[in-house]
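Here is the structure we will look at, set down as structure tokens.
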């Protein structure tokens, strides 16, 4: 294995670990993740990758996010500067908002308006929205969430297409958006419960996908 691959592999493993911890906190299975904690730098990188989902357990259960967790995410912003690609910009903005509520102000710039399906086609747009599924959380609202409200059919078509293509990770992330819409009073245009049950059986086995599914399940039950 080339040495250059080591940091990326370490960060990917750390992200899985962090997603597993968030999943445990959300489902009440504290301590279920028995793997050794990542190195500090890798853990900070994982916080940057998870973004808003670090706060998902608190937002969905009503329990406050531990102060040390919020402080670590704020530190991660300093160590890993913002990447102003379209997806990361919106994820960073949402993370910064949640950090601000926890008493940590981090500098972020307003990203450009997100495109809608009329500009890029519903197939490409649904993939973009899947990449932004971390924004499908209670109390978060803004242009991305408004696009979801305005284009429910495109999200439903994207989820159905992903299922047909056996792209279960994308399907799970789009199901999360549909569950968020249902939780806010917008009909999702798909039967969510059968979809979530099927995705639970066909997932890719990763902690990140399991976290997306658990968030969707909570939202659907709201």
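In this note's numbering, the protein residues as written are 1222 to 1443.
Even for Gly, the Cβ is constructed at its ideal location relative to N, Cα and C.
| query | Using CA coordinates, which residue listed in 1442, 1246, 1263 and 1367 is at the minimum distance from residue 1234? | reply | 1263
| request: Would you tell me roughly how many angstroms separate the C-alpha atoms of residue 1224 and residue 1232, rounded to the nearest one? | output: Note that residue 1224 scores 35 on pLDDT, short of 50, meaning its location in the model is unreliable; the coordinates nonetheless yield the value given after this. Computed Cα separation, rounded: 14 Å.
| request: Alpha carbon to alpha carbon, how far is residue 1292 from residue 1406? Give it in angstroms, no decimals. | output: 34 Å
| Roughly how many angstroms separate the alpha carbons of residue 1393 and residue 1415, rounded to a whole number? | 12 Å
| task | Reducing DSSP to helix, strand and coil, say where residue 1411 ends up. | result | coil
| query | Exposed or buried, what is residue 1229 when buried is set at 16 or more other beta-carbons lying within 10 Å of its beta-carbon? | reply | exposed
| message | Quick check: what's the CA-CA separation for residue 1432 versus residue 1357? | response | 12 Å
| query | From residue 1222 to residue 1363, what does the alpha carbon distance come to, in whole angstroms? | reply | Low confidence applies to residue 1222: its pLDDT is 32, below 50, so where it sits in the model is not reliable enough to give any reading.
| task | Report the rounded CA-to-CA distance for residue 1361 versus residue 1386, giving the unit in angstroms. | result | 30 Å
| request: Quick one: using the 10 Å Cβ neighbour count with 16 as the cut-off for buried, is residue 1241 buried or exposed? | output: buried
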